[in-house]
Amino acid sequence: SAAIKPLVAGNWKMNGLKASQAEVYKMIAGISDDLADSVDAMICAPATLIAAIAEKAGSGALSVGGQDCHTAVSGAHTGDISAEMLADAGAKAVIVGHSERRTDHAESDVDVNEKARAAWRAGLVAIVCVGETEAERKAGQALAIVDRQLNGSVPDGATAENCVIAYEPVWAIGTGLTPTAGDVEEMHKAMRDNLSARFGGEGASMRLLYGGSVKPGNARELMSVANVDGALVGGASLKAEDFLGILAAY
Ligand code: PEP
């Protein structure tokens, strides 16, 4: 995966008020031209902040994403946000199938697949999240679960341009726990094999992010694992210092 430009994407989850935009402006200021040549940076902000951040970020080194989208273009879906609305606000990508959505909103692989296609319809990159629970890993099911999630959640037509995969073991999200480098390598190799078999060269060059308790202190080790083409970062993406510390792995 040496030719793949990595992506470090922050997921702010349900965090961030108007004042928090200042952290993004520090991030933008902290990304040198050299760093921007080596790695793409993105913040998946709460919907309330996307337009303001996208306006400040312009077409520079940091892009803006959403965290979820509805499958329809518009209509009677109170409280929901369409992929077209995210694109209109300046988003370039949207996370679909985050484990918190799968748990809190009972999203299935079929739902996630439909959301990824909605993202593409709106011209957004779909960041499709997969990952096993602690019980599934302990039962020796991690590889099988992620394989099944990939098959169900990633639609036909996925390319290296329109799709990013994020492997996020549920037990590593927000816990400070991470898999061993060996376990990450094994999973990312299995995901690469799945995607290459299904999508050929597009699957071979699709970005595979690792997510789950990535911090400045462990980023270099995790990002150097074979077939890890960047990170999806929750908690450590809220502060510019931490996010820039992770980007410094590149
Ligand atoms: C996430 O929710 O996508 C995530 C990786 O969170 P954290 O980095 O806080 O574990």
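Each residue of the sequence shown is one higher than the one before, starting from 35 at the first, in this note's numbering. Backbone N, C-alpha and C fix where the C-beta goes; we use that ideal spot for every residue, glycine too.
- Query: Relative to the alpha-carbon of Ala156, which residue among Ala123, Ile179 and Gln175 has its alpha-carbon at the smallest distance?
  - Reply: As a position in the sequence shown, residue 156 is number 122, starting the count at 1. Among Ala123, Ile179 and Gln175, the Cα nearest to that of Ala156 belongs to Ala123.
- Message: Rounding to the nearest angstrom, what Cα-Cα distance links Glu168 and Ala63 in this structure?
- Response: For the purposes of this step, residue 168 is identified with residue 134 of the sequence shown, where counting begins at 1. For the purposes of this step, residue 63 is identified with residue 29 of the sequence shown, where counting begins at 1. One C-alpha to the other measures close to 38 Å.
- Under 7 Å from any heavy atom of ligand 1, does the C-beta of Ala270 make it? As a working mapping, residue 270 is identified with position 236 in the sequence shown. At least one heavy atom of ligand 1 is nearer than 7 Å to the Cβ of Ala270, so yes.
- Query: Does DSSP classify Ile115 as helix, strand or coil?
  - Reply: Start at 1 with the first residue of the sequence shown, and residue 115 comes out as number 81. DSSP places Ile115 in coil when its eight states are reduced to three.
- So, using beta-carbon positions, are Leu266 and Ala43 closer together than 8 Å? Indexing the sequence shown from 1 puts residue 266 at position 232. Indexing the sequence shown from 1 puts residue 43 at position 9. Cβ atoms of Leu266 and Ala43: closer than 8 Å.
- Query: Counting along the chain, where does the beta strand (DSSP E) carrying Asn45 start and finish?
  - Reply: Position 11 of the sequence shown, counted from the start, is the residue given in the question as residue 45. Unbroken beta strand (DSSP E) run through Asn45: Leu41 to Asn45.
- Query: Which one or two residues does DSSP pair with Tyr244 in a beta bridge?
  - Reply: What you label residue 244 is simply residue 210 of the sequence shown in a count that begins at 1. For Tyr244, which the question treats as bridged, DSSP gives the partners Tyr201 and Ala265.
- Item | Integer Cβ distance of Leu256 from Met225, believed to fall under 8 Å | What you label residue 256 is simply residue 222 of the sequence shown in a count that begins at 1. What you label residue 225 is simply residue 191 of the sequence shown in a count that begins at 1. Going by Cβ atoms, the distance from Leu256 to Met225 rounds to 15 Å, so no, they are not a contact pair.
- Task: Kindly provide the ranges of any alpha helix (DSSP H) runs that are 4 or more residues long and lie completely inside the region 94-150, ordered along the chain.
- Result: 117-123 and 133-138
- Whole-angstrom distance between Ala200 and Ser35, CA atom to CA atom: Position 1 of the sequence shown holds residue 35. Position 166 of the sequence shown holds residue 200. The predicted position of Ser35 is uncertain, since its pLDDT is 43 and thus under 50; a value taken from the coordinates is nonetheless stated next. Distance between the alpha carbons of Ser35 and Ala200: 15 Å.
- Message: Is Gly246 close to ligand 1? I mean its beta-carbon at under 7 Å from any heavy atom of the ligand.
- Response: Reading the sequence shown from its first residue, position 212 is the one you call residue 246. Gly246 Cβ: within cutoff of ligand 1.
- Message: Mapping the DSSP letters down to three states, classify Ala36 as helix, strand or coil.
- Response: As a working mapping, residue 36 is identified with position 2 in the sequence shown. Note that Ala36 has pLDDT 48, beneath the 50 cutoff, so the model's placement of it is unreliable and the number below is only indicative. Of the three classes helix, strand and coil, the one that applies to Ala36 here is coil, per DSSP.
- Identity of the residues DSSP links to Asp74 by a beta bridge: Here residue 74 corresponds to residue number 40 of the sequence shown, with the count starting at 1. Partner(s): Leu41.
- Do the region 235-250 and the region 200-214 make contact, defined as three or more Cβ pairs closer than 8 Å? yes
- Item | Complete beta strand (DSSP E) runs within the region 157-192 (minimum length 3 residues, chain order) | Qualifying beta strand (DSSP E) stretches, in chain order: 159-164.
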